[in-house]
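Single-structure report; data block below.
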Amino acid sequence: MARPTRPISWIKAARKDFEAFPAEAQVRVLHALTIAAEGGKADIAKPLTGFGSGVFEVALPSRREAYRVVYAVQVDADIWVVHAFQKKSKRWIHTPKEELDVVRLRLRRLKERLS
Numbered sequence: 462m463a464r465p466t467r468p469i470s471w472i473k474a475a476r477k478d479f480e481a482f483p484a485e486a487q488v489r490v491l492h493a494l495t496i497a498a499e500g501g502k503a504d505i506a507k508p509l510t511g512f513g514s515g516v517f518e519v520a521l522p523s524r525r526e527a528y529r530v531v532y533a534v535q536v537d538a539d540i541w542v543v544h545a546f547q548k549k550s551k552r553w554i555h556t557p558k559e560e561l562d563v564v565r566l567r568l569r570r571l572k573e574r575l576s
């Protein structure tokens, strides 16, 4: 029997940035999002602190490049991908403040739009 799967929706800018990722990174992120849509959490996904429950970050570490995708599971019936970016700083593990500001703004706008 197939598991119930939630739709995955994208903020347009996040989708555009995601499509610039290398193919291998896209495949890994889409696999993680599929797990989320089926009610689970992929090993490469972790809660994104400072946003309350239901906001996760998929982290693809690499020696040369690091890619991140942020999605929300409690905004709507859908899984919402709100941000996708290539992490530039190799010094810090933490997500850069500028990227967190983008997530915060997009989540606020999404919630306003859906309410």
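Using this note's numbering, read the sequence shown as starting at 462 and increasing by one per residue.
Here a beta-carbon is modelled for each residue, glycine too, at the ideal position from N, C-alpha and C.
Opposing strand residues paired with residue i [DSSP bridges]
i, result
"PHE546", "ARG529"
"SER470", "TRP541"
Length of the line joining the Cα atoms of residue i and residue j
i, j, result
"SER576", "ASP539", "14 Å"
"VAL542", "GLU559", "17 Å"
"LYS549", "ARG565", "19 Å"
"PHE482", "VAL531", "14 Å"
"LEU568", "VAL516", "10 Å"
"ASP562", "THR556", "10 Å"
"ARG525", "ALA498", "29 Å"
Three-way DSSP call (helix, strand, coil) for residue i in this model
i, result
"VAL536", "coil"
Rounded distance between the beta-carbons of residue j and residue i, thought under 8 Å
i, j, result
"ALA536", "LYS477", "Before going further, note that residue 536 is Val rather than Ala in the sequence given. The pair is not a contact, with the Cβ atoms about 20 Å apart (cut-off 8 Å)."
"VAL519", "ALA503", "7 Å"
Mind pulling the beta strand (DSSP E) runs of 3 or more residues that sit fully within the region 473-521?
506-508, 516-521
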